[in-house]
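Chemist: Once you've had a glance at the structure underneath, I'll fire off some questions.
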Amino acid sequence: MRAFWKARFAVQAPSVAVAGVQQRESVEEAARERGVTLRSVLIGTLLIPVNTYWIIQVEGIWHRNHATAMSLFWNTVFCLMILILLNVLVLKRYFARYAFTQGELIVIYVMITIASALAGHDTLQLGIPALSMPFWGANETNGWDQLFNHYFPKWLTVQDKEFLRPYYEGHSSLYIGGRILVWLRPVLIWSVFIGVMGLVMVCMNVILRRQWMENEKLSYPIVQLPMAMVANGGNTRFFLQKPLILGALLGGGLDVLNGLHVLFPTIPEIVVRHDDPSRNLQQYFTSPPWNGVGWFPLPLYPFIIALGYFLPVDLSFSIWFFFLLKMALRVVATAVGVEQGRPYTFPFFNEQSYGAWFAIFAFAIWGARHHLREVWRKAVNPRYAGIDDAREALSYRGAVIGLLLGLAFLIAFCVQAGMKLWVAVLFFLI
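Going by our numbering, the first residue of the sequence shown is number 964, and it counts up by one from there.
Shown next as structure tokens:
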């Protein structure tokens, strides 16, 4: 028996040693590929004000090329491209020790993407004016003060018209006369609210990540481009691919041509915008019931066509199929004599949209029911071995506690601001 065990250990010892070496190498490789490093966080932090200013100028001042109105923010992709070119052409070639890893590039990209979303047109660019516009725009004609302004708490808004006058009329500064102090309190309070809401979203992502990524294997189309760009810290082969160069020339060339047309009208233009009358197919339907089709745009956006290639085929099909179905329902409504544009009448587009969102939510929850049950068991009993949360950003217990506490804070915040408890609960549950 002793000889047997000696022989067995003699055979296995090298394999154990090899396994140990491989494990150490994998740990070292993981350490090299770590994304959350001091410099990645610092670079991301430095790029946040640059991108924020860029977004505010383009969307808020120029009101053109709304980067955050699209799913893939072009400003963050551009910053990522510059970092990759710097990494490939300079750091990897001359200072290999300091070259960015794939993980670091991802961290920087995520940081500036989240910051851009917050600074975007549909978030803080509308949120900040909303703190004061009802009070500045109130007058005896519209009667806003009597209709709803008295419902807004003073600690969440800016109501003094004397402080609002330079804000709306201009020719002044926020940093004189104590004006910034008037804005400081509501801005800080709403910042806490937004921060807690972000924490709730992070906890939800932790809870659902495994279900969506490993069980349902969702493809996340809009991350395919940045992930391909940062592979192995980036390489020149990605940017030298002929299809990529051809696509960039076609899309960029179209923008350059139309830009030159604005400066020099004699240069021909290729109309691409959805709001241009020449792209509205309604003009070709002149007799009833076909003229009931309504606004029927046919834009030619290269970036939309490109994003379509990242989508699953069934989702891509659904986008254009249900758009055409909407047009067909308008024609049917005209044929049966229904007045278009009235709320709560056939074909009930808004109501159908609400129902679709509720159906998607119910379908997603039902599909994830087994996973959610396992997550709950793990949260209640961390020793439960039915599911492993070692790869998650937070433990399932931490995510569930963070989700519940965050929702409780958001509901309490809204109740304190004057919302009915049942309305606040229903709002955040939906």
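Ideal placement from N, C-alpha and C gives every residue a C-beta, glycine not left out. In this text, all values refer to a predicted model and were calculated from it rather than measured experimentally.
1) Would you list the residues sitting across from Pro1260 in a DSSP beta bridge?
2) Would you report the Cα separation of Leu1110 and Met1096, rounded to the nearest angstrom?
3) CB Thr1120 to CB Phe1156, shorter than 8 Å?
4) Do you know how far the Cα of Val1295 is from the Cα of Val1256?
5) Could you give the C-beta distance for Ile1018 and Thr1008, rounded to a whole number, given that I count them as a contact under 8 Å?
6) Would Lys1341 be called buried (16 or more neighbouring beta carbons within 10 Å of its own) or exposed?
7) Got a sec: is the Cβ-Cβ distance from Val1276 to anything in chain D below 8 Å?
8) If Phe1273 sits next to Gln1187, beta carbons under 8 Å apart, how far is it from one beta carbon to the other, in whole angstroms?
9) DSSP state of Leu1181, grouped into three classes?
10) With respect to the alpha helix (DSSP H) encompassing Thr1015, which residues constitute its N-terminal and C-terminal limits?
11) For Ile1152 and Leu1087, I'd like the C-alpha separation in whole angstroms.
12) Tyr1061 lies in the alpha helix (DSSP H); which residues open and close that run?
13) Ser1135 by DSSP, collapsed to three states: which one?
14) Could you give the distance in angstroms between the alpha-carbon of Leu1001 and the alpha-carbon of Gly1369?
15) Run through the region 1105-1154 for me and flag every whole alpha helix (DSSP H) of 4 or more residues, listed as ranges in chain order.
16) In three-state DSSP terms, what is Phe1311?
17) Ends of the alpha helix (DSSP H) at Val1295?
18) Have a look at Val1225 and Leu1263 and give me their C-alpha separation to the nearest angstrom.
19) Three-state secondary structure (DSSP) at Gln1204?
20) Put Ser1079 into one of helix, strand or coil per three-state DSSP.
21) Roughly how many whole angstroms lie between the Cα atoms of His1029 and Pro1345?
22) In this structure, how does DSSP classify Thr1039 when only helix, strand and coil are distinguished?
23) Over the uninterrupted alpha helix (DSSP H) stretch that includes Gln1303, give me the two end residues.
24) Should the region 1186-1202 be regarded as contacting the region 1040-1054, the criterion being three or more beta carbon pairs within less than 8 Å?
25) Give every residue of the same chain whose Cβ lies closer than 8 Å to the Cβ of Trp1258, excluding the five residues on either side of it in the sequence, and list them in chain order.
26) Can you tell me the Cα-Cα spacing of Trp1339 and Thr1076, whole angstroms?
27) For Val1234, I'd like the list of residues in its chain whose CB is within less than 7 Å of its CB, leaving aside the five on either flank, ordered along the chain.
28) Just how far apart, CA to CA, sit Phe1324 and Thr1039?
29) Please confirm whether Leu1373 and Val1163 have their CB atoms less than 8 Å apart.
30) In whole angstroms, give me the CA-to-CA distance for Gly1361 and Phe1115.
31) What would DSSP say about Asp1218, mapped onto helix, strand or coil?
32) Can you tell me where the alpha helix (DSSP H) holding Ala1191 begins and where it ends?
33) If you compare alpha carbons, which of Ala1353, Ala1375, Ala1331 and Leu1392 is closest to Gln1174?
34) Mind checking which residues open and close the alpha helix (DSSP H) that includes Lys1341?
35) Can you name, in chain order, every residue of its own chain whose Cβ lies under 7 Å from the Cβ of Ala1387, other than the five neighbours on each side?
Modeler: According to the data block:
1) Along the sequence shown, one-based indexing puts residue 1260 at 297. Answer is Asn1243.
2) Residue 1110 sits at position 147 when you count from the first residue of the sequence shown. Residue 1096 sits at position 133 when you count from the first residue of the sequence shown. Going by the C-alpha atoms only, they are around 14 Å apart.
3) The residue given as residue 1120 occupies position 157 in the sequence shown. The residue given as residue 1156 occupies position 193 in the sequence shown. In this structure, Phe1156 does not lie closer than 8 Å to Thr1120 by Cβ.
4) Position 293 of the sequence shown, counting from 1, holds the residue named residue 1256. Position 332 of the sequence shown, counting from 1, holds the residue named residue 1295. Each residue's alpha carbon lies about 9 Å from the other.
5) Start at 1 with the first residue of the sequence shown, and residue 1018 comes out as number 55. Start at 1 with the first residue of the sequence shown, and residue 1008 comes out as number 45. Rounded, the Cβ-Cβ distance is 16 Å, inconsistent with contact.
6) To locate residue 1341, count along the sequence shown from 1; it is residue 378. With 16 or more other Cβ atoms from the protein chains shown falling within 10 Å of its own Cβ, Lys1341 counts as buried.
7) Absent here is chain D; the protein component of the structure consists of one chain.
8) Here residue 1273 refers to the residue found at position 310 when the sequence shown is read from its first residue. Here residue 1187 refers to the residue found at position 224 when the sequence shown is read from its first residue. Rounded, the Cβ-Cβ distance is 5 Å, consistent with contact.
9) Your numbering for residue 1181 matches position 218 in the sequence shown. Coil at Leu1181, not helix or strand.
10) Start at 1 with the first residue of the sequence shown, and residue 1015 comes out as number 52. Unbroken alpha helix (DSSP H) run through Thr1015: Leu1001 to Ile1018.
11) Here residue 1152 refers to the residue found at position 189 of the sequence shown. Here residue 1087 refers to the residue found at position 124 of the sequence shown. Going by the C-alpha atoms only, they are around 14 Å apart.
12) In the sequence shown, the residue the question calls residue 1061 occupies position 98. In this chain, Tyr1061 is not harboured by any alpha helix (DSSP H), its DSSP state being neither H nor E.
13) To locate residue 1135, count along the sequence shown from 1; it is residue 172. In the structure shown, Ser1135 sits in coil (DSSP, three-state: anything other than H, G, I, E or B).
14) On the sequence shown, residue 1001 is found 38 positions in, with the first residue counted as 1. On the sequence shown, residue 1369 is found 406 positions in, with the first residue counted as 1. C-alpha separation (whole angstroms): 28 Å.
15) 1107-1110 and 1124-1132
16) To locate residue 1311, count along the sequence shown from 1; it is residue 348. DSSP places Phe1311 in coil when its eight states are reduced to three.
17) Here residue 1295 is taken as the residue at index 332 of the sequence shown, counted from 1. Where Val1295 is concerned, the enclosing alpha helix (DSSP H) stretches over Val1276 to Ala1298.
18) The residue you call residue 1225 lines up with position 262 of the sequence shown. The residue you call residue 1263 lines up with position 300 of the sequence shown. The alpha-carbon atoms of Val1225 and Leu1263 are separated by roughly 18 Å.
19) Indexing the sequence shown from 1 puts residue 1204 at position 241. Three-state result, Gln1204: coil.
20) Start at 1 with the first residue of the sequence shown, and residue 1079 comes out as number 116. Helix, per DSSP.
21) Here residue 1029 corresponds to residue number 66 of the sequence shown, with the count starting at 1. Here residue 1345 corresponds to residue number 382 of the sequence shown, with the count starting at 1. So the alpha carbons of these two residues sit roughly 45 Å apart.
22) Indexing the sequence shown from 1 puts residue 1039 at position 76. Helix, per DSSP.
23) By one-based count along the sequence shown, residue 1303 stands at place 340. Segment: none, Gln1303 is in no alpha helix (DSSP H) and carries neither H nor E.
24) yes
25) Taking the sequence shown and counting its residues from 1, one reaches residue 1258 at position 295. So the qualifying residues of the chain are Asn1243 and Gln1245.
26) Locating residue 1339 in the sequence shown gives position 376, counting from the first residue. Locating residue 1076 in the sequence shown gives position 113, counting from the first residue. If I take the Cα positions, the gap works out to 31 Å.
27) Start at 1 with the first residue of the sequence shown, and residue 1234 comes out as number 271. Closer than 7 Å at the Cβ level, and outside the excluded window around Val1234, lie Ser1241 and Arg1242.
28) Here the question's residue 1324 lines up with position 361 in the sequence shown. Here the question's residue 1039 lines up with position 76 in the sequence shown. About 30 Å.
29) Counted from its first residue, the sequence shown places residue 1373 at position 410. Counted from its first residue, the sequence shown places residue 1163 at position 200. Contact: yes.
30) As a working mapping, residue 1361 is identified with position 398 in the sequence shown. As a working mapping, residue 1115 is identified with position 152 in the sequence shown. Taking the straight line from one Cα to the other gives about 35 Å.
31) Translated into positions along the sequence shown, residue 1218 becomes position 255. Asp1218: helix per DSSP, three-state reduction.
32) For the purposes of this step, residue 1191 is taken as the residue at position 228 of the sequence shown. Gln1187 to Val1193 is the span of the alpha helix (DSSP H), which, as asked, contains Ala1191.
33) Taking the first residue of the sequence shown as position 1, residue 1174 is located at position 211. Closest by alpha carbon: Ala1331.
34) Taking the first residue of the sequence shown as 1, we reach residue 1341 at position 378. Arg1332 to Val1343 is the extent of the alpha helix (DSSP H) around Lys1341.
35) Counted from its first residue, the sequence shown places residue 1387 at position 424. Closer than 7 Å at the Cβ level, and outside the excluded window around Ala1387, lie Ile1374, Cys1377 and Val1378.
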